[in-house]
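311 is the number that our numbering gives to position 220 of the sequence shown; each next residue is one higher, with no gaps.
Just so you know, even glycine gets a beta-carbon here, dropped at the ideal spot from N, CA and C.
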Amino acid sequence: MFRRAKTWLIRAALLLVLLWVPNIVVSLTRDGPSVCRGSTSNGSLENGRRITVERAYRSNVRPYCWICAHLLRTYAHEKVVSVIALAYEDQIYDGSTADFVYGESGWPWGGSFKPHRTHQNGLSVDFMVPLKDGARFPTHLFNRFGYDEEFDSSGRGAAGEIDFHLIARHLDSLDKYARKLGGGIRRVILAPDLQDNLFATPAGAALRGKITFNTRQAWVRHDDHYHVDFDFPCEGT
Ligand SMILES: [Zn+2]
Numbered sequence: 092m093f094r095r096a097k098t099w100l101i102r103a104a105l106l107l108v109l110l111w112v113p114n115i116v117v118s119l120t121r122d123g124p125s126v127c128r129g130s131t132s133n134g135s136l137e138n139g140r141r142i143t144v145e146r147a148y149r150s151n152v153r154p155y156c157w158i159c160a161h162l163l164r165t166y167a168h169e170k171v172v173s174v175i176a177l178a179y180e181d182q183i184y185d186g187s188t189a190d191f192v193y194g195e196s197g198w199p200w201g202g203s204f205k206p207h208r209t210h211q212n213g214l215s216v217d218f219m220v221p222l223k224d225g226a227r228f229p230t231h232l233f234n235r236f237g238y239d240e241e242f243d244s245s246g247r248g249a250a251g252e253i254d255f256h257l258i259a260r261h262l263d264s265l266d267k268y269a270r271k272l273g274g275g276i277r278r279v280i281l282a283p284d285l286q287d288n289l290f291a292t293p294a295g296a297a298l299r300g301k302i303t304f305n306t307r308q309a310w311v312r313h314d315d316h317y318h319v320d321f322d323f324p325c326e327g328t
């Protein structure tokens, strides 16, 4: 019995060690600045970087799925990665104790990224909706790491209530730093029936006319996350 437990323990340890390998290989083979090519729906990326959050902020900010991040699903253009880190700093300095969760972005090399239809050139990133009162956004295998959570048109769901003020503040920071780094936000996708709630907050009202939002329902209802397409110069566009 003990022997069997020992074997499983060794296997689990080996698996954990192996999980670090893909990221290490990617960082060792990176040989210059990030280069995006084409569009979000038909493009690629060279020298992508993994979304990382400074150690000091890790109690507030986390990836939707630890294993998926190790399997290379949270890579983006280096400027996008910088923007994300700076924007999270803003939220934390603002005293927010919310649970900020980032979702999928793309492969280190870009290209087709199923089940997403875009996310191909390192400029698309998903962010799980922050919840009110510091509620933890549930991310586990049985809700597809957050992507199966559901919220009604007022932003209420089994997980809690969406904090639209925080989404607005976050988008404002993302926009600010993207501009500072010579780019911007091309568009944000959020379920249209939830957008009214966002624009009803003071910070959200200020986003009108500044950031472009989808007007029609996207191919999947974006109620558990908002999708951001950044705008940085790419080759072949
Ligand atoms: Zn997306």
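Cα-Cα separation, residue i to residue j
i	j	result
T306	A104	48 Å
S132	W99	42 Å
S264	V174	8 Å
S215	R95	45 Å
I302	A282	15 Å
R146	R164	20 Å
F204	I276	20 Å
D114	F218	With the sequence shown as reference, residue 114 is identified as Asn, and Asp is not the correct amino acid for it. Their Cα atoms are separated by approximately 21 Å.
H231	R312	19 Å
L326	S130	In the sequence as displayed, the identity of residue 326 is Glu instead of Leu. Each residue's alpha carbon lies about 9 Å from the other.
F242	F93	46 Å
G248	D122	44 Å
L177	G225	21 Å
E240	F228	9 Å
H318	D284	15 Å
K271	E180	15 Å
Span of the alpha helix (DSSP H) around residue i
i	result
F204	Note, F204: premise wrong, no alpha helix (DSSP H); not H, not E.
E169	E169 to Y184
G284	First, the residue type needs correcting, since residue 284 is Asp and not Gly in the sequence shown. P283 to F290 is the span of the alpha helix (DSSP H), which, as asked, contains D284.
C159	W157 to H161
Y270	At residue 270 the sequence reads Arg, which differs from the Tyr that was named. Per DSSP, R270 belongs to the alpha helix (DSSP H) from F255 to K271.
P154	Element bounds for P154: not the alpha helix (DSSP H) but the beta strand (DSSP E), V152 to P154.
S118	F93 to T120
A296	P293 to A296
Residue i - containing beta strand (DSSP E), residue span
i	result
D217	S215 to M219
R277	G275 to I280
F191	F191 to Y193
G129	V126 to G129
G134	G134 to E137
Y317	H316 to D322
Cβ-heavy atom distance, residue i to ligand 1, below 7 Å
i	result
S215	yes
L261	The residue asked about is misnamed: residue 261 is His in this sequence, not Leu. Outside the cutoff, so no.
H210	yes
H168	no
H231	no
H318	yes
H256	no
H207	yes
Paired residues, beta bridge with residue i - DSSP
i	result
F236	The partner list for F236 (beta bridge, DSSP) is empty, contrary to what the question assumes.
F304	V279
G251	G248
F242	G248
R141	Y166
Residue i and residue j closer than 8 Å at C-beta
i	j	result
F191	P154	no
V172	T209	no
L136	G197	yes
D254	K223	yes
N212	C127	yes
S150	N138	no
L110	H161	yes
A259	A294	yes
H316	G237	yes
F304	G274	no
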